[in-house]
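In the working numbering, the protein residues as written are 407 to 466.
Cβ atoms here follow ideal geometry from the backbone N, Cα and C, with glycine treated the same way.
What follows is a single structure, written as structure tokens, with notes after it.
Dropping the structure here:
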């Protein structure tokens, strides 16, 4: 297992409600799990965007 680091983040009340809804769904056991999942999705999305920009088809 990788080393984990504790950080503090500021979120809006709407984001807090969304996090708590994910917890209430039972799919996640902690806010940390929700955020790790969200970061994995963001990482995948960013990689996909970069791949599209770098593809030969994107340059005509």
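The Cβ atoms of residue 429 and residue 440 lie closer than 8 Å to each other.
CA-to-CA, the gap between residue 455 and residue 461 works out to about 10 Å. The residue among 453, 434, 418 and 442 with its C-alpha nearest the C-alpha of residue 412 is 442. Note on geometry: alpha-carbon atoms of residue 421 and residue 415 lie some 11 Å from one another.
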